[in-house]
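One structure below.
Chains as they are written, first to last, in the working numbering: chain A, 1 to 212; chain B, 213 to 222.
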């Protein structure tokens, strides 16, 4: 464990708490893409189900349980408790265009052609693109609540911090995980535009608004 | 370096 990864994971944790806080305080899931949240459930369940047969560490176990449970809980909040506050008419990204190609990529690029390893690859590829419905929705509405942008910033920072972690591990341990690295770079790049607007508006105390 | 999946990463 190095500090980049630790802060990356903490940033991921923070993003979940920010999202829960946003839903609870505004009593609404307005501005949050259900499709993105559903993809995260698929990502975490497919990747972290290995807690059932693989023991890495207490840290690893607790985090995995947390991410599976919290993503499911958020989906429950959106689908049941705050259902009327979710507007499917602006959450229109075609998720099937992501899942198909990701499944194909997972079948081609994996470390072993077994069910669980292909599933792991799929979760990595899917995670890198899971934010797209959310960013698409943001693009459509052209603005976002400040708390929602903090959620996205924390989520984006998580994978961005994994990049120096991989560089560090390459030099200190001599290992490289090309599948995770490639997908991680793509995932981080997708946030570039968001981060630009975030730093030039929200951090300066202005409202997050995309140019028309 | 070796190409492998980092099992300890989240």
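We put the CB at the ideal spot given by N, CA and C, even for glycine.
Since the model is a prediction, treat every value here as computed from it, not as a measurement.
Any beta-carbon of chain B closer than 9 angstroms to the one on residue i?
i: residue 17 of chain A; result: no
i: residue 67 of chain A; result: yes
i: residue 162 of chain A; result: yes
i: residue 9 of chain A; result: yes
i: residue 179 of chain A; result: yes
i: residue 2 of chain A; result: no
i: residue 12 of chain A; result: yes
i: residue 54 of chain A; result: yes
i: residue 117 of chain A; result: yes
i: residue 169 of chain A; result: yes
i: residue 5 of chain A; result: yes
For a contact meaning CB atoms closer than 9 angstroms, what does residue i contact in chain B?
i: residue 57 of chain A; result: 220
i: residue 120 of chain A; result: 217
i: residue 63 of chain A; result: 222
What's the call for residue i, buried or exposed, on a 16-neighbour Cβ count within 10 Å?
i: residue 166 of chain A; result: buried
i: residue 106 of chain A; result: buried
i: residue 143 of chain A; result: exposed
i: residue 184 of chain A; result: buried
i: residue 193 of chain A; result: exposed
i: residue 220 of chain A; result: This structure does not reach residue 220 of chain A, given that chain A is present from 1 up to 212, and the question cannot be answered.
i: residue 153 of chain A; result: buried
i: residue 187 of chain A; result: buried
i: residue 133 of chain A; result: buried
What does residue i reach in chain B if we use C-beta pairs closer than 7 angstroms?
i: residue 111 of chain A; result: 216 and 217
So residue i contacts chain B; which residues on that side make the cut at Cβ distance below 8 angstroms?
i: residue 159 of chain A; result: Result: empty, since nearest Cβ-Cβ is about 10 angstroms, beyond 8 angstroms.
Subject >> Inter-stretch contact at 8 angstroms, needing at least 3 Cβ pairs: the stretch 135-153 of chain A / the stretch 201-210 of chain A >> reply: yes
Subject >> Residues of the stretch 24-49 of chain A whose Cβ lies closer than 9 angstroms to any Cβ of chain B, in chain order >> reply: If you check each beta-carbon in the stretch 24-49 of chain A against every beta-carbon of chain B, the ones closer than 9 angstroms belong to 47 and 48.
Subject >> the stretch 67-76 of chain A contacting the stretch 12-21 of chain A, beta-carbon criterion three pairs below 8 angstroms >> reply: yes
Original post:
Are the stretch 89-101 of chain A and the stretch 4-11 of chain A in contact at 8 angstroms, needing three or more beta carbon pairs?
Top reply: They do not touch, by the three-pair rule.
Original post:
For the 8 angstroms Cβ check, are there 3 or more pairs between the stretch 23-40 of chain A and the stretch 167-179 of chain A?
Top reply: At 8 angstroms Cβ cutoff, the stretches do not touch.
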